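Please read the structure below before turning to the comments.
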Amino acid sequence: MFKGIAASPGIAIGKAFVLQPPAEAPATQSTEAQPVDPAAEKARYDDALAISRKEIESLRDRVAKRVGEKEAAVFDAHLMMLEDPSFTDEVIQAIEGGVDAVTAVNQVVEMLKAVFESMDDEYMRERAADIVDIGQRLVRHLTGTAAPDLSVITEPRIIVAHDLTPSDTAQLDPATALGFATESGGRTSHSAIMARSLGIPAVVGTPGLLQHIADGDVVVVDG
Numbered sequence: 546m547f548k549g550i551a552a553s554p555g556i557a558i559g560k561a562f563v564l565q566p567p568a569e570a571p572a573t574q575s576t577e578a579q580p581v582d583p584a585a586e587k588a589r590y591d592d593a594l595a596i597s598r599k600e601i602e603s604l605r606d607r608v609a610k611r612v613g614e615k616e617a618a619v620f621d622a623h624l625m626m627l628e629d630p631s632f633t634d635e636v637i638q639a640i641e642g643g644v645d646a647v648t649a650v651n652q653v654v655e656m657l658k659a660v661f662e663s664m665d666d667e668y669m670r671e672r673a674a675d676i677v678d679i680g681q682r683l684v685r686h687l688t689g690t691a692a693p694d695l696s697v698i699t700e701p702r703i704i705v706a707h708d709l710t711p712s713d714t715a716q717l718d719p720a721t722a723l724g725f726a727t728e729s730g731g732r733t734s735h736s737a738i739m740a741r742s743l744g745i746p747a748v749v750g751t752p753g754l755l756q757h758i759a760d761g762d763v764v765v766v767d768g
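Counting from 546, one number per residue, gives the positions in the sequence shown under the numbering used here.
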């Protein structure tokens, strides 16, 4: 039995759908003979930024129609973070310093994540997950990597993951997502808030799940 943080009330029993963490995106290779081209990397970043913006706007509209404006505000916050100079300017500065766009995004995400995680306020600490969500989206578009697709779940399952981003949780259909359990996260995370709005039982902050639960195992989530 694993003990975590009750994030969304209810009890669910079913087979596990284990969502593996995304693989680390490869950086652009640079050598002394062929250094990274800052102009090209900034152009790549601008393209990824534009695509990410449209994607988040679309996701926000879908969540507003399906769940409500209050829950959709999560993605208004994502848009604000995406355009925030403390994010974008840092990425551009890193690129101008000689690293590729993927490395620049990852460096800035890690820096801002550490800042949020060091805060005393629990709600502000949980915003680190939003920064990670934005960073993962940008890196996917920079590398052409597919996003986690939870729509592939066609029968009732309990999702087991290291973490679920707000973007992941917004994809969940209560008809097939019986509940979820994650290794990280807190009660005030946007994923937990979304789960409560959708009426999906959830437990978060439960280390070790992926080491002991395999896809198809029957599990119980008590939120």
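Cβ atoms here follow ideal geometry from the backbone N, Cα and C, with glycine treated the same way. Just so you know, these numbers come straight off a predicted model, no measurement behind them.
{"query": "Which residue's Cα is closest to the Cα of residue 551: 688, 763, 746, 762?", "result": "746"}
{"query": "How long is the line joining the alpha carbons of residue 710 and residue 582, rounded to whole angstroms?", "result": "32 Å"}
{"query": "The alpha helix (DSSP H) spanning residue 767 covers which residue range?", "result": "Not the alpha helix (DSSP H): residue 767 falls in the beta strand (DSSP E), residues 763-767."}
{"query": "Tell me, please, which residues DSSP counts as bridged to residue 725.", "result": "704, 747"}
{"query": "Checking the sheet assignment: what are the DSSP bridge partners for residue 551?", "result": "748"}
{"query": "On the DSSP letters alone, give me the boundaries of the alpha helix (DSSP H) that residue 557 sits inside.", "result": "No alpha helix (DSSP H) holds residue 557; the beta strand (DSSP E) holding it covers 556-564."}
{"query": "Measuring alpha carbon to alpha carbon, tell me which residue in 679, 724, 716 is nearest residue 607.", "result": "716"}
{"query": "Exposed or buried, what is residue 626 when buried is set at 16 or more other beta-carbons lying within 10 Å of its beta-carbon?", "result": "buried"}
{"query": "My parser needs the alpha helix (DSSP H) runs of 4 or more residues fully inside the segment 576-660; what are they?", "result": "583-611, 614-628, 630-641"}
{"query": "Could you tell me which of 736, 616, 667, 686 sits nearest to residue 706, measuring between CA atoms?", "result": "736"}
{"query": "Determine the extent of the alpha helix (DSSP H) in which residue 758 is found, giving its start and end residues.", "result": "Note, residue 758: premise wrong, no alpha helix (DSSP H); not H, not E."}
{"query": "Answer yes if the segment 682-691 comes into contact with the segment 658-671, meaning at least three C-beta pairs across the two stretches below 8 Å, and no otherwise.", "result": "no"}
{"query": "Rounding to the nearest angstrom, what Cα-Cα distance links residue 764 and residue 546 in this structure?", "result": "10 Å"}
{"query": "Would you give the residue range spanned by the alpha helix (DSSP H) that residue 692 belongs to?", "result": "Neither: residue 692 is in no alpha helix (DSSP H) and is coded neither H nor E."}
{"query": "Please confirm if the segment 548-566 is in contact with the segment 747-764, defined as three or more CB-CB distances below 8 Å between the two stretches.", "result": "yes"}
{"query": "Quick one: give me the first and last residue of the alpha helix (DSSP H) that residue 711 is part of.", "result": "711-715"}
{"query": "Taking all protein chains shown into account, decide if residue 694 is buried (16 or more other Cβ within 10 angstroms of its Cβ) or exposed.", "result": "exposed"}
{"query": "Count the other C-beta atoms from every protein chain shown that fall within 10 angstroms of the C-beta of residue 576, then say buried if there are 16 or more, exposed otherwise.", "result": "Caution applies to residue 576, whose pLDDT of 46 falls short of 50 and renders its modelled position unreliable; the model cannot decide the point."}
{"query": "Let me confirm a value: residue 549 is counted as buried when at least 16 other C-beta atoms fall within 10 Å, else exposed. Which label applies?", "result": "buried"}
{"query": "Could you check whether residue 680 and residue 647 sit closer than 8 Å to each other, using their CB atoms as the reference points?", "result": "no"}
{"query": "Indicate whether residue 598 and residue 624 have their beta-carbon atoms separated by less than 8 Å.", "result": "yes"}
{"query": "If contacts are defined as beta-carbon pairs under 8 Å, then residue 748 and residue 768 qualify, I think. What distance do you get, rounded to the angstrom?", "result": "6 Å"}
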